[in-house]
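Working notes, structure below.
Residue numbers (my numbering): 658 to 1812.
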């Protein structure tokens, strides 16, 4: 708004008399002029925008296609989502044409068109050929250098530089790469999200110095923060793409940094290496009690922390006693040997290969003997050295203790070498000094120095008399410098020895801690001698390990993780795209009261308890972890949100709450909104809550995770609503969440752009044959069957033995299925027998279908085909103990077969696994009169119960009873919850539901499906009221009960194929033909995901091999499910269309998704 047309300026243009009269009348004229000023301002802005619209850099989004049309940019699909602008594509059009066909131009085209990071590879550059002498490519060797580990590590990646033989397959099929006409466009679909100063999870005790970057404590790869490419002529490198940081690349980065800055003081060092630093992909911050500081790159080392190895330089030295060497006579034993125990490993016998005559020889021989004694890292990495004439042993894993004893055949060597009583003490072990470095201490100081801190003494400046030139010189100089503090025993008696090619510095008082750091004026010596403590980072697992004795009081980290899009909360702009007026993210003071955490209160519960107004916002402005249970008692409106990073002054955050939330509502105006949180826990709603809105949050499916990311409470709901809370309207928006247990009479649940997952637990598809009480005679000499599991197959299973008994058929069928295909679904499949039936359990969840192979009738003779076998959803329980003891005097559990709920009473006192199996089967069969109960089967699979319903197509579930909450656990039959229902077992429907652009991983049972649009239902969907509502552009599993459907899969594809087949045959298909075609489509048209485990970067992402009917099945041609808003098919189509224009004649491009 210009200063001239402000409301006040317009008002001042009026004569004073009118202004005075207006003031007397309540300022009505002033208010009118304010409205006029607003309209004038809009006109001014529009005029200004007209000038901006002349330029592609500043024009409005709607103008971009028009400028593109002037440049002849054609064939681009307009994407409705505003975040996917074609502005860069149009702006760079002239640059594309000037560089038409070059790799750098194609790469830029791919990046501008799709907004994905890209790398273009000319595969003809990587062909192993005989080179023309006038056009040599010296970087292209036919045989790679096998000593160049980095080059080999990049083999068959987008950054490969090794020559290959020709690949004759077409690149358009995404199979052939290396050929003269091939151009590869590699695309990274996952984005890199950064968290700043978040709290890592401690792994063990603080004194162990072990941490995981993730706040939930699971291992996860760290992602690179892509660095922007400055020019169109630059080909993308590893640092320019959002990919997991390669450990070797991180190692080389730190090595290069330390080589450049080892001689520089902190003020002369760059705070950032390529990957590490406060402005890079990751950074570690420590607080030793005097304030938080960042750990500089010079102190970081890249390590494999699979077994939590300690980084340099502090170790636990195990010092022996006096040695009877040098010897005038050899050791007493002719074949010297000692028994060695390190940590929990051993004792193992270490045999010396020769008789030593000096302490140094004894150290070398003993080191070899210990390393050969066992293959564990404690032994293979062990070192033995000499300090002040005695032997010192250092375990291969830092911090491990050791003991040495005489062997049964050698009672003397251990004592003669002084090893029977080892004394442990902290020590500093330098890095390898072979060859010994040419030391320098900078430009102005002549005397090298170290800052040495021993025990609780004041740090001491140890000045070396001269620059040492050899390892032995360094030993003598360092020892003399430390001992010069003669008044303090731990310094005066300190010892420095040599272990291999390393220095070992031991305090003069046993047990004293030791730390060596740089001095204020000499930063080089401590690093050149490798004496400073390091912090180890494992970027592949996301782990941190501090050196022994260097554990800080607290740690925070900054790092980047990978994910597909802006869902589930995180460091991105969460403001509503529609510009909603009630936007507390843009204006946290909107509701009148703002409470800041941690500024006003350090705990969330304290902030909630302090809230007294009718409406308030509690805003968390950091990414810390809050381990607390929250109780919210309210009758008004409360918004609890993470600060939104929409301005340069506000840092994007994602706080973590580890605990449960209980909401106790009263009155008819109670409303709660949660926005931007990661919650490892559940939400319980009690009372007449009017509305619960969860936006951009994650309620971890399974609540907590183990170190591998597996859910720890998979049978616990994320949101449970009390049946009395009938006034509630629950809204889930852009969130990741576990199972929902919502009462039938609740007003409504609205889910949009979210994943609701019931973690896989217990329930799985199983195939049970018909009864084989009389085993058939097989007609085929070499029996075969056709097997399909899930979307894999069919593959031919060959039974390679003569089958005359049920047991023989069981074993042969299992071997045949496992040999039929090389995926876990087949190789880990199991076949058991029970109740005269063959039961096939897939190795990975997926429906099992067995049919005949050509004219071979084996499948029918074994009664495994669909017309006789039962395809059911069974429960596979947890492992049973050898003897089961029931806590309840009269054990009972609830059995649910196809939504029919019955109580099964276990009689007698079953104890063994077989007795529990038989008693449970009897109880289930007696619980109900329907065939699903009376024909139920309970079998043992290894030491686990497998329960099957008695009829084809049925499912079985178990739950506790009102009077017995223990038996279900005693028999280890807790089962997977539905994704959305009114009860734990799903037989009670949930409330009316509206679900749009979401992925529902688990069974859904609702009273009414008001609308389901562009949604993937991975399991059965049931709506009790089917007269109202609509399901459109969604994947709905066969057998689901829904209101009318429109353009849903697989129904639409089945109809299309039947129509095409009838058009080809000129008449209607028979029922058998329709059934065969339907069965074939149901076998392959199923959604598949890159990952279904929360915590993995590609969680919820549709797999590359997912059928196109799902990948492009949404209303606008995008994919179904939670990531529909990413518009990935349209972005790919735009790129393919553009490549046709800019590829050189005869060349062909292939698109390859790296993530």
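For each residue, glycine too, the CB sits at the ideal point set by N, CA and C.
As computed with DSSP, residue 1513 is found in a beta bridge with 1510. Contact annotation, residue 914 with residue 881: C-beta distance approximately 16 Å; criterion of less than 8 Å not satisfied.
Here residue 1019 is buried. Its C-beta has 16 or more other C-beta atoms within 10 Å. Look at residue 1786 here: in three-state DSSP terms it is helix.
Secondary structure of residue 1443 (DSSP, three-state): strand.
Across the structure, residue 1286 and residue 1365 are spaced so that their CA atoms are roughly 25 Å apart. Taken through DSSP and simplified to helix, strand or coil, residue 1459 comes out as coil. The beta carbon of residue 797 sits closer than 6 Å to those of 820, all from its chain and outside the five residues before and after it, given in chain order. Between the alpha carbons of residue 750 and residue 744 lies a gap of roughly 10 Å. Excluding residues up to 5 positions away in sequence, 1022, 1025 and 1026 lie with their Cβ nearer than 8 Å to the Cβ of residue 1010 in the same chain.
Rounded to whole angstroms, the gap between the alpha carbons of residue 770 and residue 779 is 20 Å. Residue 1507 and residue 1571 have their C-alpha atoms some 29 Å from each other. Look at residue 1386 here: in three-state DSSP terms it is strand. Of the residues assessed, residue 1768 falls on the buried side of the cut-off, its CB having 16 or more other CB atoms within 10 angstroms. Residue 1215 and residue 967 have their alpha carbons spaced roughly 22 Å apart. When Cβ pairs closer than 8 Å are counted between the two stretches, the region 1511-1531 is seen to touch the region 1408-1428, the count reaching three or more.
Per the DSSP secondary-structure output, residue 1549 pairs in a beta bridge with 1562.
Bounds of the alpha helix (DSSP H) holding residue 1712 are 1708-1722. It is roughly 15 Å from the alpha-carbon of residue 1208 to the alpha-carbon of residue 858. Inclusion of residue 952 and residue 1192 in the CB contact set at 7 Å is warranted, their separation being smaller than that value. In chain order, 1593, 1594 and 1595 place their CB closer than 7 Å to the CB of residue 1578, counting only its own chain and leaving out the 5 sequence neighbours on each side. In the three-state reduction of the DSSP assignment, residue 719 falls in the helix class, which pools H, G and I.
At a Cβ-Cβ threshold of 7 Å, residue 957 and residue 1806 do not count as neighbours. Residues of the same chain with a CB within less than 7 Å of the CB of residue 1195, apart from the 5 flanking positions on each side, are 960, 961 and 962 in chain order. Minimum Cα-Cα distance from residue 1464 among the listed residues 682, 1484 and 1494 corresponds to 1494.
Beyond the five residues adjoining it in sequence on each side, residue 890 comes within less than 7 Å, by CB distance, of 761 in the same chain, given in chain order. With respect to residue 1311, residue 1280 sits close: the two C-beta atoms are nearer than 7 Å. In the DSSP assignment, residue 949 falls within the beta strand (DSSP E) that extends over 949-951. Distance from residue 1693 to residue 1674 at the Cβ level is roughly 5 Å; contact confirmed, criterion being Cβ atoms closer than 8 Å. For residue 1559, same chain residues with a beta-carbon under 6 Å away, outside a window of 5 residues either side, are 1552, 1584 and 1585 in chain order. When secondary structure is reduced to three states using DSSP, residue 1051 falls in the strand class. Scanning 1302, 1276, 1268 and 1473 for the CA closest to the CA of residue 1288 turns up 1268. Here residue 1698 is bridged, per DSSP, to 1679.
In its chain, beyond the 5 residues on either side, 1454, 1455 and 1456 have a beta carbon closer than 6 Å to the beta carbon of residue 1473. When only Cα atoms are considered, residue 1394 and residue 1349 end up about 14 Å apart.
Burial of residue 904 is indicated by the presence of at least 16 other C-beta atoms within 10 angstroms of its C-beta.
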